[in-house]
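Participant:
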Amino acid sequence: MATLDASARLERLPFRGPVLRLVLIIALGGFFELYDLFLTTYIVPTLLKDGIYSLKTANVFDMHAVASFVAALFLGMFVGAGLLGRLPDRFGRKAVFTYALIGYSVCTLVMAFQTEALWINVWRFLAAVGIGLEQVTIVTYTSELVASRYRGRAIALTQTISFVAMPVVATVSWLLIPHAFLGLEGWRWVVILGALGAVFIWVLRRALPESALWLESKGRHAEASEVLDRLESQVYGDRSPPPAAVPRDAAGAPPAPLEGRRWAALFGPGVRRLVLMMVVVNVCITVGYYGFASWVPTLLVSKGITTVKSLEYSLLMAVAAPLAPLLSMLVADRIERKLQVMLSCTFCAVLGLAFAAQSVPAVVIVLGFLLTLNNGWMSSSYHTYQAELFPVAIRAQAVGFVYSWSRFSAVFCAYVISYLLARYGNAGVFAFITGSMLLIVLTLWRFGPKTNRLVSR
Numbered sequence: 003m004a005t006l007d008a009s010a011r012l013e014r015l016p017f018r019g020p021v022l023r024l025v026l027i028i029a030l031g032g033f034f035e036l037y038d039l040f041l042t043t044y045i046v047p048t049l050l051k052d053g054i055y056s057l058k059t060a061n062v063f064d065m066h067a068v069a070s071f072v073a074a075l076f077l078g079m080f081v082g083a084g085l086l087g088r089l090p091d092r093f094g095r096k097a098v099f100t101y102a103l104i105g106y107s108v109c110t111l112v113m114a115f116q117t118e119a120l121w122i123n124v125w126r127f128l129a130a131v132g133i134g135l136e137q138v139t140i141v142t143y144t145s146e147l148v149a150s151r152y153r154g155r156a157i158a159l160t161q162t163i164s165f166v167a168m169p170v171v172a173t174v175s176w177l178l179i180p181h182a183f184l185g186l187e188g189w190r191w192v193v194i195l196g197a198l199g200a201v202f203i204w205v206l207r208r209a210l211p212e213s214a215l216w217l218e219s220k221g222r223h224a225e226a227s228e229v230l231d232r233l234e235s236q237v238y239g240d241r242s243p244p245p246a247a248v249p250r251d252a253a254g255a256p257p258a259p260l261e262g263r264r265w266a267a268l269f270g271p272g273v274r275r276l277v278l279m280m281v282v283v284n285v286c287i288t289v290g291y292y293g294f295a296s297w298v299p300t301l302l303v304s305k306g307i308t309t310v311k312s313l314e315y316s317l318l319m320a321v322a323a324p325l326a327p328l329l330s331m332l333v334a335d336r337i338e339r340k341l342q343v344m345l346s347c348t349f350c351a352v353l354g355l356a357f358a359a360q361s362v363p364a365v366v367i368v369l370g371f372l373l374t375l376n377n378g379w380m381s382s383s384y385h386t387y388q389a390e391l392f393p394v395a396i397r398a399q400a401v402g403f404v405y406s407w408s409r410f411s412a413v414f415c416a417y418v419i420s421y422l423l424a425r426y427g428n429a430g431v432f433a434f435i436t437g438s439m440l441l442i443v444l445t446l447w448r449f450g451p452k453t454n455r456l457v458s459r
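For the sequence shown, the residue numbers in our numbering are 3 to 459.
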């Protein structure tokens, strides 16, 4: 059976029942992953207040600079997504999804008991390696479990459940950070709770099948057929419909498979331009998304708001995080994906500049809520767009490679934002964000192809 046969069988599966359950399990893994990612946002003000870190940076090797804590997160994600991004293509989506989650949970738990900035950074880096690898796998895995006509909604659903972690970690931080329990500061308990996710996923992993498209790309046709047989029997019983028609190229033949075992495949004909385009998008989108999400309590403190109040305001803004992809499900497969990314980047720039100019608490909260809502839409649409661009044989590697540049840029973004915030305040930070968003819009307008309903090949 060829890869296109597997694609045709997937194309006829509705997004309900067993297919929906599989997406929900993957989304649950994403919840714990994003909890771990976003806890950085809410514990940084306390780490500054406790004297573990400082807002001032002597140099890029200053382990006591708060920028080093943020940089350790994104440097680890760069390694996980970029240097280890081939692992899902080599060992399968299911195995990497499971063990990456366990790895970063263990490292996060160890980090919770560190007292020195250096060792907090070391264990944060190791945990982030797992986070980066997990993010690549989740998007790739989800895109290969559903028909192309449901792909946008499926990834939006995983983002909805994953982003519930943002208000959850904001609430937990608001409740725990001001207090100490059993001799441990509140921020350590926030970290410990996030590390418990691996226990739940280890139990649920047995319900997940391997990606049939990945199995086909490895020549394991019988196993791929078994996976699809089980899904079809669960959905249709004994009344399976005929395979859906699958688009072919202009010559009437299936698209030629690409070799996924060499890095050179990323720069072959038809792929190179997409890779370079998405490197630019990933470098810039980090500035817009994490430039706000990872720094919002600190940005609020810089406006003269107290640490406790900044956590309260951040909690109100964080409620928007899971609502954004939920709302985007209404348009995910109706509006062209490229246009969604361009619009959300434009709104990010406009709302960010308005946020920087305001000091009235109620207006700041509303603008922060809208900015968080918009950024969730931006994340959902761009991750779906990115996964659709590349062939199955090199999908995880390609997505991992381009996505790793967002993590790499975030390392420097942490230092740039720290510098801009200290010297120019919120206005300097959001001017930086605006420029980055405009570059994405221009890049996609000039080079971005359309992808809605593009069948996996």
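We put the beta carbon where it would ideally sit given N, CA and C, even for glycine. Every value quoted in this text rests on a predicted model; they were computed, and no experiment measured them.
(1) Determine whether the beta carbon atoms of Ala214 and Ile396 lie at a separation below 8 angstroms.
(2) Measure the C-alpha to C-alpha separation of Arg380 and Leu391 and round it to an integer number of angstroms.
(3) Could you check whether Leu373 and Cys350 sit closer than 8 angstroms to each other, using their CB atoms as the reference points?
(4) Can you check DSSP and say which residues form a bridge with Glu187?
(5) Per the DSSP calculation, Ser56 is bridged to which residue(s)?
(6) Out of Phe93, Pro451, Leu89 and Pro271, point me to the one whose CA is closest to Leu341's CA.
(7) Taking the alpha-carbon positions, what's the Leu446 to Ala326 distance?
(8) Once the 5 residues before and after Asn284 are set aside, which same chain residues still bring their CB inside 7 angstroms of it?
(9) How big is the Cα-Cα spacing for Ala158 and Leu85?
(10) Could you pull the start and end residues of the alpha helix (DSSP H) that Asp7 belongs to?
(11) In whole angstroms, what is the alpha-carbon distance linking Leu260 and Pro393?
(12) So within the region 369-416, which uninterrupted beta strand (DSSP E) runs reach at least 3 residues, ignoring any that extend past its ends?
(13) Excluding sequence positions up to five away, which residues of its chain have a Cβ less than 7 angstroms from the Cβ of Val174?
(14) Here's the rule I'm using: 16 or more other beta-carbon atoms within 10 Å means buried, otherwise exposed. How should Glu118 be labelled?
(15) Our contact map puts Leu317 next to Ala172 with C-beta atoms below 8 angstroms; I'd like the distance itself, whole angstroms only.
(16) Taking a contact to mean a Cβ-Cβ separation below 8 angstroms, would you say Val148 touches Phe17 in this structure?
(17) Hey, would you say Tyr315 sits closer than 8 angstroms to Val366, going by beta carbons?
(18) Report buried or exposed for Gln236, applying the criterion of at least 16 other Cβ atoms within 10 angstroms of its Cβ.
Facilitator: Reading from the atomic positions:
(1) As a first step, residue 214 is located in the sequence shown; it is residue number 212 there, counting from the start. As a first step, residue 396 is located in the sequence shown; it is residue number 394 there, counting from the start. Contact flag unset, no.
(2) The residue given as residue 380 occupies position 378 in the sequence shown. The residue given as residue 391 occupies position 389 in the sequence shown. Here residue 380 is Met; the residue named in the question, Arg, does not match the sequence. Taking the straight line from one Cα to the other gives about 17 angstroms.
(3) Taking the sequence shown and counting its residues from 1, the one referred to as residue 350 is at position 348. Taking the sequence shown and counting its residues from 1, the one referred to as residue 373 is at position 371. Yes, these two residues count as a Cβ contact at 8 angstroms.
(4) Against the sequence shown, residue 187 aligns to sequence position 185. Residue pairing by DSSP places Glu187 opposite Ala182 in a beta bridge.
(5) Numbered from its first residue, the sequence shown carries residue 56 at position 54. According to DSSP, Ser56 bridges with Ala67.
(6) Stepping through the sequence shown from its first residue, residue 341 is reached at position 339. The candidate whose alpha carbon is nearest that of Leu341 is Pro451.
(7) Against the sequence shown, residue 446 aligns to sequence position 444. Against the sequence shown, residue 326 aligns to sequence position 324. Cα-Cα distance, rounded: 22 angstroms.
(8) As a working note, residue 284 is residue 282 in the sequence shown. The answer, listed in chain order, is Val404, Tyr405, Trp407 and Ser408.
(9) The residue you call residue 158 lines up with position 156 of the sequence shown. The residue you call residue 85 lines up with position 83 of the sequence shown. Cα-Cα distance, rounded: 27 angstroms.
(10) The residue labelled residue 7 in the question sits at position 5 within the sequence shown. Residues Thr5 to Glu13.
(11) Stepping through the sequence shown from its first residue, residue 260 is reached at position 258. Stepping through the sequence shown from its first residue, residue 393 is reached at position 391. With a pLDDT of 45 at Leu260, under the threshold of 50, the modelled position of this residue cannot be trusted, and the question is left open.
(12) Taking only runs of at least 3 residues, no beta strand (DSSP E) segment lies wholly in the region 369-416.
(13) Translated into the one-based positions of the sequence shown, residue 174 becomes position 172. Counting only Cβ-Cβ distances below 7 angstroms, and skipping sequence neighbours, we find Val192 and Leu195.
(14) For the purposes of this step, residue 118 is taken as residue 116 along the sequence shown, with counting starting at 1. Glu118 is exposed by the Cβ-count criterion.
(15) Looking up residue 317 in the sequence shown gives position 315. Looking up residue 172 in the sequence shown gives position 170. At roughly 4 angstroms, the Cβ-Cβ gap stays under 8 angstroms, so Leu317 and Ala172 are in contact.
(16) One-based indexing of the sequence shown puts residue 148 at position 146. One-based indexing of the sequence shown puts residue 17 at position 15. Taking 8 angstroms as the Cβ cut-off, Val148 and Phe17 qualify as a contacting pair.
(17) The residue you call residue 315 lines up with position 313 of the sequence shown. The residue you call residue 366 lines up with position 364 of the sequence shown. Taking 8 angstroms as the Cβ cut-off, Tyr315 and Val366 qualify as a contacting pair.
(18) Here residue 236 refers to the residue found at position 234 of the sequence shown. Burial call: exposed.
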